[in-house]
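Please read the structure below before turning to the comments.
Protein chains: 2
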Amino acid sequence: MIRGLLLVVSAPSGAGKSTLCQALVQRRPDLTLSVSCTTRPPRPTEKNGVDYHFLSETDFEKRVTEGAFLEWARVHGFAYGTPRDRIDQALTAGRDVVLNIDIQGAESVRKAFPLESVRVFITPPSWKELEARLRGRNQDSDDVIQRRLANARAELAHASRYDYWVINDDLENALEELDVILRAEHRRVPRLSEELAALEHWGLAKSARI
Amino acid sequence: MIRGLLLVVSAPSGAGKSTLCQALVQRRPDLTLSVSCTTRPPRPTEKNGVDYHFLSETDFEKRVTEGAFLEWARVHGFAYGTPRDRIDQALTAGRDVVLNIDIQGAESVRKAFPLESVRVFITPPSWKELEARLRGRNQDSDDVIQRRLANARAELAHASRYDYWVINDDLENALEELDVILRAEHRRVPRLSEELAALEHWGLAKSARI
């Protein structure tokens, strides 16, 4: 069984990565969406189990001590964690997983799954658009928005560590790009090295199609 | 201007790479097909200027001394060369180029265009199919076919040096995979490093879409 790929999607807040990840999984039902856990309170539009698993501090800490998280961290005072089990099971079953995660978490995930990780950095089309999106949500105070914009500038410095860069100026275009990236990655030779070795010894074989 | 990519396509003889490359350019008229020069006589189905530029030994040598080839080599006693000008011009103009080339040539091209090269190794679906294709052409003696099969086995050992591996069991599938690979490569961060640096300093900018 060829293991699945782990599409690691990061972006500055407001670049639209949650919407993108959910739309990608709707478009490609063969993909598994990894939903993170957080102690942050849900925003008005967010659904438990879809956007996040919203946990109390006590429940979160319990899972930390159980080793249930692949990685976890505190950002802006709240805890965020990536559940390990679902990703492990999907990858082993040959299914691709979509993981919406911040930059700090993406680095930990890459270390845990160096062969399976495909890291994509999403940006909004412009700073102006990013600011408009953050203000348009009407969810955050001006202080929070200014902090998010400053964070976004700092986060951009990390974009060069990612494998791919996708500009989310149009949802359909961005979805198509994520789909294309995932399909192409299935044909990359480093991921197929075992198959290629077998092929050299046993003759050519049919591989899973992209 | 973002430079174009150079899709370097290699395969054992009989894997169908000439057909694939020509069909890819028909499907994507924005692509430039690089046609190689050779001193080998044309096969019955081959057209001058489409499959190869068929040259005399004298004309070939003249171009060698003029430095017209990016790389050239002798294979099975005949000379093969890749004209430099057309590739240079297309890449500089931001157009992607498809280059059908043997393994030896692919290595030289990678050294000449390390940033632009995207190397794809094509295999037929099985050894049996490869032999059937070589015999089906009715163009070669049994000795030549046996030599080509032995070469194919040796060439497979080089597949692991390529970036991608595409199995040509169905022309439409294989074309789709080549198309997807080229589109994904346009979003790879190492190719966009200059743009990313600019983006960090000047704010987010719109990039060419894939």
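As you go down the protein sequences, you meet chains R and L in turn. Heads up: take any position in the first sequence, counting from 1, add 6, and you land on the working numbering. Heads up: take any position in the second sequence, counting from 1, add 6, and you land on the working numbering. Glycine included, every Cβ here is placed at the ideal spot set by N, Cα and C.
For residue i, return the contacting residues in chain L, with the cut-off set at a CB-CB distance below 7 Å.
i, result
"Val172 of chain R", "Arg193"
"Asp169 of chain R", "Arg194 and Val195"
For residue i, does the count of other Cβ atoms within 10 angstroms reach 16, so buried, or fall short, so exposed?
i, result
"Arg143 of chain L", "exposed"
"Ser62 of chain R", "exposed"
"Thr38 of chain R", "buried"
"Ile128 of chain R", "buried"
"Leu13 of chain L", "buried"
"Lys68 of chain L", "exposed"
"Leu33 of chain R", "The residue asked about is misnamed: residue 33 of chain R is Arg in this sequence, not Leu. Per the 10 Å Cβ criterion, exposed."
"Gly209 of chain L", "Confidence at Gly209 of chain L is low in this model, with a pLDDT of 49, below 50, so its placement is unreliable and the value that follows should be read with caution. Exposed, because fewer than 16 other Cβ atoms sit within 10 Å of the Cβ of Gly209 of chain L."
"Ala214 of chain L", "Caution is warranted here: a pLDDT of 39 is assigned to Ala214 of chain L, below 50, making its placement in the model unreliable, and the coordinate value is therefore given only provisionally. Ala214 of chain L is exposed by the Cβ-count criterion."
"Pro130 of chain R", "buried"
"Glu178 of chain R", "exposed"
"Arg80 of chain R", "exposed"
"Ala156 of chain L", "exposed"
"Ile109 of chain R", "buried"
"His207 of chain L", "Confidence at His207 of chain L is low in this model, with a pLDDT of 49, below 50, so its placement is unreliable and no value can be given for it."
"Ile8 of chain L", "exposed"
"Ala21 of chain R", "buried"
"Val126 of chain R", "buried"
"Glu72 of chain L", "exposed"
"Leu76 of chain R", "buried"
"Asp57 of chain L", "buried"
"Asn174 of chain R", "buried"
"Ala160 of chain L", "exposed"
"Lys212 of chain R", "Here Lys212 of chain R scores only 42 on pLDDT, less than 50, and its place in the model is too uncertain to base an answer on."
"Ser147 of chain R", "exposed"
"Gly100 of chain R", "exposed"
"Ala158 of chain L", "buried"
"Pro47 of chain R", "exposed"
"Pro120 of chain R", "exposed"
"Gly55 of chain L", "exposed"
How would you list, in chain order, the residues of chain L whose beta-carbon sits under 8 Å from the beta-carbon of residue i?
i, result
"Ile187 of chain R", "Ala190 and Arg193"
Does the Cβ of residue i lie closer than 6 Å to at least one heavy atom of the ligand FAD?
i, result
"Leu76 of chain R", "Only the bare structure without any ligand can be found here, which leaves the ligand FAD out of the picture."
Suppose contacts are defined by Cβ-Cβ distances below 7 Å. Is residue i in contact with residue j by that definition?
i, j, result
"Ala180 of chain L", "Ile187 of chain R", "no"
"Pro89 of chain R", "Ala74 of chain R", "yes"
"Thr45 of chain L", "Phe84 of chain L", "yes"
"Ile93 of chain L", "Val104 of chain L", "no"
"Gly23 of chain L", "Val31 of chain L", "The sequence given here places Lys at residue 23 of chain L; Gly does not occur at that position. No, they are not a contact pair."
"Val195 of chain L", "Ser166 of chain R", "yes"
"Leu162 of chain L", "Ile151 of chain L", "no"
"Glu183 of chain R", "Arg154 of chain L", "no"
"Leu133 of chain L", "Leu198 of chain R", "Residue 133 of chain L is actually Trp in this sequence, not Leu. The answer is no: Cβ separation not under 7 Å."
"Asn106 of chain R", "Cys43 of chain R", "no"
"Val41 of chain R", "His59 of chain R", "yes"
"Gly10 of chain R", "Leu136 of chain R", "no"
"Asp3 of chain L", "Val124 of chain L", "Lying outside 7 to 216, the shown extent of chain L, residue 3 of chain L is not represented and no answer is given."
Determine which residues share a DSSP beta bridge with residue i and list them.
i, result
"Thr44 of chain R", "R:Phe60 and R:Tyr86"
"Thr129 of chain L", "L:Ile173"
"Val104 of chain R", "R:Leu13 and R:Leu39"
"Val81 of chain L", "L:Phe84"
"Arg194 of chain L", "R:Tyr170"
"Phe75 of chain R", "R:Pro89"
"Ser123 of chain R", "R:Leu12"
So within the stretch 12-42 of chain R, which uninterrupted alpha helix (DSSP H) runs reach at least 4 residues, ignoring any that extend past its ends? 23-33
Note down, one range per segment and in chain order, each beta strand (DSSP E) of at least 3 residues found wholly within the stretch 153-178 of chain L. 170-173
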